[in-house]
Structure formats: structure tokens, C-alpha cells
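Student: The opening residue of the sequence shown carries number 1 in the UniProt record's numbering; numbering runs sequentially from there. First the structure, which I've put down as C-alpha cells, then a few questions once you've had a look.
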Amino acid sequence: MEFENAELSRARVCLIGNSKLSKMVHSLIPEFQAQADISIIDNIFNDALLSARQLVEQGDVDIFISAGANAYYLKNTLPVPVVALKIRQSDLINAVLKARAISHKILILLHEHQAVEWELLSHLPGVEIVQKSYVTADDANNIFHSLRQQGFGAVVGSSYICDLAEQAGIPYVMIYSRASCRLLLRRAINLAGEYKRERQQQAFSDFLLANTEGATLVTNREERVIAFNEQARELLANLYRGRRVDKLLDKRFLDADDTVAEGILLNDRLCRVAKRAFDVGEERVGHIYSIKAAPVSRVEEGRDRVELVFQSRRMHEATRLLRVYGSTPGSVLLRGETGSGKELAAREVHEASANRDGPFVAINCAAIPSELFEAELFGYADGAFTHARSGGKSGLLEGANNGTFFMDEINSLPMPQQAKLLRVLQDREVRPVGSRKSVALNIKFVAACNHDLLEEVRAGRFREDLYYRLNVFTVHLPSLRERPEDIEPLTRYFIRRLSARYQLTTEEDALCRVLLPVFRPYAWPGNVRQLENLLERLLVSSSMYENLTEFGQAIPNLAPELFEGVAGGGADQGHLRQKEQEEILRVLEQFNGNRTQAAEYLGISQTTLWRRLKELEKKKQPG
1 MEFENAELSR ARVCLIGNSK LSKMVHSLIP EFQAQADISI IDNIFNDALL SARQLVEQGD
61 VDIFISAGAN AYYLKNTLPV PVVALKIRQS DLINAVLKAR AISHKILILL HEHQAVEWEL
121 LSHLPGVEIV QKSYVTADDA NNIFHSLRQQ GFGAVVGSSY ICDLAEQAGI PYVMIYSRAS
181 CRLLLRRAIN LAGEYKRERQ QQAFSDFLLA NTEGATLVTN REERVIAFNE QARELLANLY
241 RGRRVDKLLD KRFLDADDTV AEGILLNDRL CRVAKRAFDV GEERVGHIYS IKAAPVSRVE
301 EGRDRVELVF QSRRMHEATR LLRVYGSTPG SVLLRGETGS GKELAAREVH EASANRDGPF
361 VAINCAAIPS ELFEAELFGY ADGAFTHARS GGKSGLLEGA NNGTFFMDEI NSLPMPQQAK
421 LLRVLQDREV RPVGSRKSVA LNIKFVAACN HDLLEEVRAG RFREDLYYRL NVFTVHLPSL
481 RERPEDIEPL TRYFIRRLSA RYQLTTEEDA LCRVLLPVFR PYAWPGNVRQ LENLLERLLV
541 SSSMYENLTE FGQAIPNLAP ELFEGVAGGG ADQGHLRQKE QEEILRVLEQ FNGNRTQAAE
601 YLGISQTTLW RRLKELEKKK QPG
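Set out below in C-alpha cells:
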């Protein structure tokens, strides 16, 4: 893949040199003005480095050129390529011949990393040559002044050495020629183009990986990592470019080009690793590793009470049911739209249950890979499968024993996993994978869904027997548009909490007077979660304005979705869903189709966004 961007075709070359070298390169710039922008920094060592770093930080340079000590010093300290001026043999001989015409006694002083073939000089008659090398500017000064007393009639060296000779009144010949500088510029311009293409391709590769769902890493044919995304970094310790994959994963992955391994333990999480070969034509160039990890579950011990915030009658009724049903041993099914507070409601159930002093374990059924369902929920015994952790691992259900197990988006659970969950609910015990013994369970089960489960049963997507096991007690959580009187207490609650998080000083009453008239008519498709996310955006943004009047005037730009919604009181559900879908499409367009960013902006899960888009596709289909 190559990017051919006309505006980036010109190379930006910068010479780090001084004095005479700078003048020589400057005289050559007109020859290359159609190919490159060439700038010059006339400095050495630390001063040159500071100037070079400033150019790099500003993004104003593609490649540096330099010579002698400067080149060696900069090569080891700059993140941008540095091309060193090479001393050609013809340059050395011509310089010595010019110096011999001045004096038969010549000092040649060069940087220790400037390689030349000194043997050639031994064949020059009628000349006495002393060859010395230096490392630093101070070193060059000391050597030069210590040798001055030996009566050299001419000095050959770099631009810096020629400056020392000039200051001492000794004739000099610079070892660099115009021809060599011309070759240096040509080489730098070619390398700058290659480097620029590599950077663009690497940036594009990183962009693709960053927007890939799940952990992904790419290796070359030697199985060394050449690219990876942030999700892979979280799962694999010591992951960096150039590391061999057998230092990160089991060595047996090296033996196959296309393979899938389940139950791999990475960073204490069960994973499914798929390896695919990547060929260009008939040539193998590398491999792609896709890693699907079971989600991190949240296990909370003890009684850390989190209360629902409301004042509406509908939420009072719902909360009363949560407490009554929570005090029974039966399962509780929570129904409500995404963002309506189902997990907080599940915590209310937990607090009202006999298991209130036990753990609260929450999982998202849509996020657990089907291949890892049993091992993640039931646990596994020692040696249950390849790469199983020594000693086995307890499952999430066992971790929730004597507490509450909350299953969000239960409607997303595939049919095979529904059967396994049903057995747990019937038998009240769990058997880890590979074990002969079962573990008795004392768990308060709470499930949540944002669809009508009975409709899912009729459509054949949800087991009827599991539905009746879960649907012992049902609580409907009203959407935010169904309880507009809760907008104000929620707004005040989030203002206080977010102000504390961001250490902002806010006038709660004054801020509410600005926000509530805008909040109340809005339909809130993302419900309470959207309200919280939107308030976070607005509260942080408010600090940019001198007063609340200016902030209030800016709200249409900061949160345009608020002015495109509809009032929630009198609109029917179909009209609200239509407006919700319009809002989703608008936000998707705003984020150029990036579903992750759109879902975060709307305050809904990616699964919900995907489901809404599927509904839109069905509407568009004929018939």
C-alpha cells in the first residue's frame, strides 16, 4: 500500500552544519528547489540538537543531513533519520594535493567515525602528513592546539577544524567537496521519500489496528511483531515491535500457519487465539493473530450501597418492587431500555436480598465469547484443556456464591449457552469444566434485557423454559422520557459528582437554570447514561466560558442533539423510536461511521447500536 499525496511529495531536508559546510550546501540549494525544501541550522553539538529537536516537534522536517561529529552525535539522539556526509577517497586525495601546494607539512584532523583509507596517502611524495582523530569539540580543540607548535603549514579537516585553523592563522583545506555535498542532498531526498512513505504506511496500519475490535497483532515471516493495537498490549505483557511471538504466546503457535486455540490464559483472562497466514501472491509475508478475550467481570464484596436517583412516582413504584422481589429467593427479570439504570436496579435487589453481605458479580452476556462461556462462568479443573492454569480456576458463578449474580443483556445469550444456564438455575449447582465434583450454589439471580423476552421466545431466539425460570418476578424500569420529573434530580446529582471528579467549582442552581429548559423537552434515547455523558461534556466545556450566559449561548454547538429531539410527554413510542434512529444516524455521520465513538457519544452500548442499525436495515428492505 502506498500513499501518493501530491502535497507531501516534496522532501523537507535540513542540514545541521556550521560555517563553511553550511555555505557550500547553501550554494547548491537552487539545484534542488524543484524537489525539496532545504533549510540550514548553522550550529554544532548541543545547540544543534536543541534546534533539530524543535523542528522535529513542529513536524517541519523529514530528514537531516550532517557531517563529522555533528552527524554521529545527532544520529544517536534524534527520532528522524540523519544522513552523514561521506568522505570519498577522491575528496581526501584532492584536499591533500591542495594542502601540499601550500606546505609539505600537513595536519589531517577528522572525527573518529569518518572512515578513510589512509594507505593511499603513503604514496604521495614530498609531503609529511600527521593524521589525528577527535571525538568531541573540546577534544578537537585540545588536539589542534597541542599540535600547533609542531609548525604545520596546512590543515585538512572538517568545517569546524577549518574554523580553528583560520582562527590560528594557519592555511586550511576543507575535506568536503561540492560534488560530495551534491550526492548527499540527492541521497537525502530519496531517503526522505522512502521514510515518509514508511511513516504513512505505519500510521495507516496503526489506525486500522486501533479501529479493529478485539486484540490483534501482526508478525512478519520470522514471527516478530511488527504492529499491534492497544487491546493486545493490555493482554500481553512486554509486547513491543520486534519481539518474537513465542515470547508472548505458546511456542506451538509457530508450528502452524492457520490455527485456532481456545482456553488460552492471558493476563488472567481466558482467550481464544486465531492465527492466520498473510500472503502476497505466493509469498508468505507474515501472520495475523486475533485474540478474543472474555470480559473482565466486576465482583464487589460487602455492602457498598449505590442508590437510584429519582422523585417520580413510576420509579418509586419500580423501586418498591425491586425491594419486595429482592427479599424473595426467586429470580428477578429487569426490563428497560439501554441506559435506564438496570445495573443500579440489580444492586437494589442485591441489597434487599438475604445475600446482601455477599459479592455482587455483574456480567454482560453479549460480551462473553461463546467459546469461553463454560470456562468463564463454570470455571475449570487442573488440566481440563490445553494451557489451562495449573490448579484450575474458579468460575464467575462460584465467585458469586452467597451473593448476587447479575446477567445484563440476557437476550443476547446464544441458544447453546441458554441450555447450560438453565441447568444451573434448575439444579442450583455448577460443575467446573473437567471436574467430577459439583459446587452447590446459593445465589440470587438477576437478569436484564432491553427486549421483550416473550417476543424473543415466539421468534425462536430464546428458550421458553429459561424464560419462565427467569421471569419469576419482573420489574419494568421506565425510560427517562417516561419520567421527566426525574431529569432535575438526576442533573443535580451528576453535576455534584462530576464537579468533584474534575475538581470544578460550579454553581449548581445557576447551572440548572441554564440546562433544565434544554434538557426537559429532549427524548433521551440513551436515557440516564446519555444524560450523564452529556453532562460530563457540557460541564467540562463550561470552564471555557467566562460566564453562564456565554455558556448557555454555546450549548447548541456543544450539544446539537438536544435541539433535534422531541418532547417525551405526548409522543407515541413509534414516533420516539423514529426520532431515536434519526439521532443515531446523525451521530454516526458526525463520527464518520465510527460505531465505537457514536455509541459512547450516545451513551449506549455497541451491541444496542448494532441492534438499532439492524432494525433500520429491516425497515429499508422491500415488502
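Note that CB positions come from ideal geometry on N, CA and C, so glycine has one too. No experiment lies behind these values; they were computed from the predicted model shown.
Going by CA-CA distance only, name the one from V280, E550, G341 and I189 that's closest to A318.
Tutor: To locate residue 318, count along the sequence shown from 1; it is residue 318. Here the closest residue by C-alpha is G341.
Student: Pull up the distance between the alpha-carbon of Q54 and that of I226, whole angstroms please.
Tutor: One-based indexing of the sequence shown puts residue 54 at position 54. One-based indexing of the sequence shown puts residue 226 at position 226. Between Q54 and I226, the C-alpha separation is close to 29 Å.
Student: Going straight from the alpha carbon of L609 to that of I584, what length do you get?
Tutor: Here residue 609 refers to the residue found at position 609 when the sequence shown is read from its first residue. Here residue 584 refers to the residue found at position 584 when the sequence shown is read from its first residue. If I take the Cα positions, the gap works out to 8 Å.
Student: Grab me the residues of T212's own chain with a C-beta within less than 7 Å of its C-beta, minus the 5 sequence neighbours each way, in chain order.
Tutor: The residue given as residue 212 occupies position 212 in the sequence shown. Within the same chain, T212 has close Cβ partners N229.
Student: DSSP state of G286, grouped into three classes?
Tutor: Position 286 of the sequence shown, counted from the start, is the residue given in the question as residue 286. Correct three-state label for G286: strand.
Student: Hey, is the stretch 484-499 in contact with the stretch 354-364, meaning 3+ C-beta pairs nearer than 8 Å?
Tutor: Short answer: they don't touch.
Student: For M544, which residues does DSSP report across the bridge?
Tutor: On the sequence shown, position 544 is the one that residue 544 refers to. Note: M544 sits in no beta bridge, so no partner.
Student: Based on the DSSP output, what are the partners of S479 in its beta bridges?
Tutor: Position 479 of the sequence shown, counted from the first residue, corresponds to residue 479. S479 is not bridged to any residue.
Student: Taking only the alpha-carbon atoms, compute the straight-line gap between G59 and E194 and give it to the nearest angstrom.
Tutor: As a first step, residue 59 must be located in the sequence shown, where it is residue number 59. As a first step, residue 194 must be located in the sequence shown, where it is residue number 194. Their Cα atoms are separated by approximately 17 Å.
Student: Using 8 Å for Cβ pairs, my map puts H22 next to D42. What's the rounded Cβ distance?
Tutor: Along the sequence shown, read from residue 1 onward, the residue named residue 22 stands at position 22. Along the sequence shown, read from residue 1 onward, the residue named residue 42 stands at position 42. The sequence given here has Ser at residue 22, not His. Sure, about 5 Å apart at Cβ, within 8 Å.
Student: Rounded to whole angstroms, what's the CA-CA distance from R611 to N450? Just pull it up for me.
Tutor: Position 611 of the sequence shown holds residue 611. Position 450 of the sequence shown holds residue 450. Distance between the alpha carbons of R611 and N450 is about 11 Å.
Student: Check whether the Cβ atoms of A261 and A345 lie closer than 9 Å to each other.
Tutor: Numbered from 1 along the sequence shown, position 261 holds the residue referred to as residue 261. Numbered from 1 along the sequence shown, position 345 holds the residue referred to as residue 345. It is not a contact, given that the beta carbons lie outside the stated cut-off.
Student: On a CA-only basis, which of R100, D138, S39 and N533 is nearest N46? Give me that one, please.
Tutor: Locating residue 46 in the sequence shown gives position 46, counting from the first residue. The option with the nearest alpha carbon to N46 is D138.
Student: Quick check on this structure: which residue in L534, V361 and E507 has the alpha carbon closest to the alpha carbon of L396?
Tutor: Residue numbering aside, residue 396 sits at position 396 when the sequence shown is read from its first letter. The option with the nearest alpha carbon to L396 is V361.
Student: Quick check on the DSSP output: the beta strand (DSSP E) that includes N220 runs from which residue to which?
Tutor: Along the sequence shown, read from residue 1 onward, the residue named residue 220 stands at position 220. From DSSP, the beta strand (DSSP E) with N220 extends over A215 to N220.
Student: Note down the Cα distance separating A400 from E351, rounded to an integer number of angstroms.
Tutor: Residue numbering aside, residue 400 sits at position 400 when the sequence shown is read from its first letter. Residue numbering aside, residue 351 sits at position 351 when the sequence shown is read from its first letter. Going from the Cα of A400 to the Cα of E351 covers about 14 Å.
Student: Should F310 go down as buried or exposed, given a rule of 16 or more other Cβ atoms within 10 Å for buried?
Tutor: By one-based count along the sequence shown, residue 310 stands at place 310. Buried, since its Cβ has 16 or more Cβ neighbours within 10 Å.
Student: In the DSSP assignment, the beta strand (DSSP E) including T404 goes from what residue to what residue?
Tutor: Counting from 1 along the sequence shown, the entry for residue 404 is found at position 404. Per DSSP, T404 belongs to the beta strand (DSSP E) from T404 to D408.
Student: For S66, which of helix, strand or coil comes out of DSSP?
Tutor: Taking the sequence shown and counting its residues from 1, the one referred to as residue 66 is at position 66. If DSSP states are grouped into helix, strand and coil, S66 belongs with the strands.
Student: With distances taken Cα to Cα, identify the nearest neighbour of H123 among I93, L109, G151 and K98.
Tutor: As a working note, residue 123 is residue 123 in the sequence shown. When only C-alpha atoms are compared, the closest one is I93.
Student: Do N402 and N364 have their C-beta atoms within less than 9 Å of each other?
Tutor: If you number the sequence shown from 1, residue 402 lands on position 402. If you number the sequence shown from 1, residue 364 lands on position 364. Contact flag unset, no.
Student: Using three-state DSSP, classify Q553 as helix, strand or coil.
Tutor: If you number the sequence shown from 1, residue 553 lands on position 553. Looking at Q553 - three-state DSSP - the assignment turns out to be helix.
Student: In this structure, how does DSSP classify E223 when only helix, strand and coil are distinguished?
Tutor: As a working mapping, residue 223 is identified with position 223 in the sequence shown. Correct three-state label for E223: coil.
Student: Identify every residue that forms a DSSP beta bridge with D37.
Tutor: Numbered from 1 along the sequence shown, position 37 holds the residue referred to as residue 37. Bridge partners of D37: R12.
Student: Ignore the nearest five residues each way along the sequence and tell me which others in A256's own chain have a CB closer than 8 Å to its CB.
Tutor: Here the question's residue 256 lines up with position 256 in the sequence shown. Hits under 8 Å: K275.
Student: How would you write the range of the beta strand (DSSP E) that A84 sits in, first residue to last?
Tutor: Walking along the sequence shown from the start, residue 84 turns up at place 84. Where A84 is concerned, the enclosing beta strand (DSSP E) stretches over V82 to A84.
Student: Taking the CB atoms as reference points, tell me whether G330 and F462 lie closer together than 9 Å.
Tutor: Residue numbering aside, residue 330 sits at position 330 when the sequence shown is read from its first letter. Residue numbering aside, residue 462 sits at position 462 when the sequence shown is read from its first letter. Contact: no.
Student: By the DSSP assignment, the beta strand (DSSP E) with C449 in it spans what residues?
Tutor: Counting from 1 along the sequence shown, the entry for residue 449 is found at position 449. Its beta strand (DSSP E) spans residues K444 to C449.
Student: If you count every other CB in all the chains shown that lies within 10 Å of the CB of M24, and 16 or more means buried, which is it?
Tutor: Walking along the sequence shown from the start, residue 24 turns up at place 24. It is buried - the Cβ of M24 has at least 16 other Cβ atoms within 10 Å.
Student: Return yes when the Cβ of R10 is within less than 9 Å of the Cβ of S39, no when it is not.
Tutor: As a position in the sequence shown, residue 39 is number 39, starting the count at 1. As a position in the sequence shown, residue 10 is number 10, starting the count at 1. In this structure, R10 does not lie closer than 9 Å to S39 by Cβ.
Student: What would DSSP say about L110, mapped onto helix, strand or coil?
Tutor: As a working mapping, residue 110 is identified with position 110 in the sequence shown. DSSP places L110 in strand when its eight states are reduced to three.
Student: Which one of V156, I129 and V127 has the shortest CA to CA distance from A140?
Tutor: On the sequence shown, residue 140 is found 140 positions in, with the first residue counted as 1. For the residues V156, I129 and V127, the minimum Cα distance to A140 belongs to V156.
Student: Could you tell me if D304 is buried or exposed, where buried requires 16 or more neighbouring beta carbons within 10 angstroms of its beta carbon?
Tutor: The count along the sequence shown starts at 1 and reaches residue 304 at position 304. Residue confidence is low: D304 scores 42 on pLDDT, short of 50, so the model does not pin down where it sits. No coordinate-derived value is stated.
Student: Work out the CA separation of V218 and Y289 for me, nearest whole Å.
Tutor: Indexing the sequence shown from 1 puts residue 289 at position 289. Indexing the sequence shown from 1 puts residue 218 at position 218. So the two alpha carbons sit approximately 6 Å from each other.
Student: Buried or exposed, going by whether 16 or more other CB atoms sit within 10 Å of the CB of M407?
Tutor: By 1-based counting over the sequence shown, the position of residue 407 is 407. M407 is buried by the Cβ-count criterion.
Student: Compare the C-alpha of C186 against each of E223, A36 and H113 and name the closest.
Tutor: Translated into the one-based positions of the sequence shown, residue 186 becomes position 186. As written in the sequence, residue 186 is Arg, which differs from the Cys given in the question. The shortest Cα separation from R186 among E223, A36 and H113 belongs to A36.
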